[in-house]
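By the count of the working numbering, the sequence shown reaches residue 173 at its end, each step adding exactly one. Each residue gets a CB set at the ideal place from its N, CA and C atoms; glycine is no exception. The structure displayed is predicted, hence computed values, not measured ones. Only one structure is covered here, and it is reproduced in the block below.
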Amino acid sequence: KNGKTVEFRPLLPSDEFAYRNFFYSLQEETIFFRFFYKMKLFSHEVVQEQWASVDYRKNISMIGQVRIGGHQEIVAIGSYADESGALAEVAFVVREDFQGMGIASFLLAELEHIAKENNFKAFSATVLHENIAMLHVFKKRYPNAKIDVSGGSDITIHMDFSDAVALKGNGKK
1 KNGKTVEFRP LLPSDEFAYR NFFYSLQEET IFFRFFYKMK LFSHEVVQEQ
51 WASVDYRKNI SMIGQVRIGG HQEIVAIGSY ADESGALAEV AFVVREDFQG
101 MGIASFLLAE LEHIAKENNF KAFSATVLHE NIAMLHVFKK RYPNAKIDVS
151 GGSDITIHMD FSDAVALKGN GKK
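As structure tokens, this is what we get:
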């Protein structure tokens with residue numbers, strides 16, 4: 001929508017510097033919507049902890065990058081992590097200047113495709129009540145998703161892959 005091409009691929013350990021720069025470029029509210037607290041430090045140890053669980057089957061992170069000048073910058077990260085065999089927890093963060101362009105929806109479809117290949121049947125996600133945009137992304141792809149309101153500040157969404165609606169333009173289901 002903004003004329004830039006976004007390239008998607010799995011996150012690699014060699015992306016540590018770009019990954020940390022991505023998080024430092026985000027506004028406080030965006031970080032809060034993703035982590036539910038005001039995380040200010042993305043240290044080498046924090047990043048290594050993230051990669052310690054990545055095995056590209058049970059746990060994976062996909063990044064979206066754009067070319068700015070002579071280098072690539074991460075503008076989005078989508079991840080899923082094994083929660084209970086057939087269920088994986090999914091989460092996203094998209095840089096503010098790339099929000100509302102369908103990137104999270106695209107990543108959701110891609111992660112679902114990968115998760116299906118790895119024998120997952122459904123995603124779950126925990127989202128803050130006020131994160132309307134993310135709730136919309138999930139409900140658009142999974143219109144019959146089950147929503148569990150715990151009474152706190154967050155909502156848990158259960159999304160069965162058999163309920164997925166294909167995205168316009170890429171034909172994926």
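Would you kindly work out how many angstroms separate the C-alpha atoms of H113 and I132, rounded to a whole number? 24 angstroms
Determine, using beta carbons only, whether I77 and V93 come nearer to each other than 7 angstroms. yes
Check each candidate in I68, F161, R141 and name the one with the smallest Cα separation from T197. The question about residue 197 has no answer, for the chain in this structure spans 1 to 173.
Are the CB atoms of A122 and D160 within a distance shorter than 7 angstroms? yes
What does the Cβ neighbour count give for R9, buried or exposed, with the cut at 16 atoms within 10 Å? exposed
What are the start and end residues of the alpha helix (DSSP H) that includes F161? Taken as a continuous stretch (DSSP letters only), F161 belongs to no alpha helix (DSSP H), as it is neither H nor E.
Can you grab the Cα-Cα spacing for the pair S212 / V90, in whole Å? Examination of residue 212 is not possible in this model, given that the chain is present from 1 through 173 alone.
Is DSSP giving S193 helix, strand or coil here? This structure leaves residue 193 out entirely; the chain is present only between 1 and 173.
Beta strand (DSSP E) containing K146: first to last residue? 146 to 149
Less than 7 angstroms between the beta carbons of D154 and L135, yes or no? no
Pull up the distance between the alpha-carbon of Q72 and that of Q65, whole angstroms please. 6 angstroms
For R57, count the other beta carbons within 10 Å of its own beta carbon; 16 or more makes it buried, fewer makes it exposed. Which is it? exposed
Going by CA-CA distance only, name the one from P13, D82, L87, G152 that's closest to M63. Here residue 63 is Ile; the residue named in the question, Met, does not match the sequence. It is P13 whose Cα lies nearest to the Cα of I63.
How would you call V137, buried or exposed, if buried means at least 16 neighbouring beta carbons within 10 angstroms? buried
Beta-carbon contacts of D82 that lie in its chain and below 7 angstroms, excluding the five residues immediately before and after: K58, N59, A88
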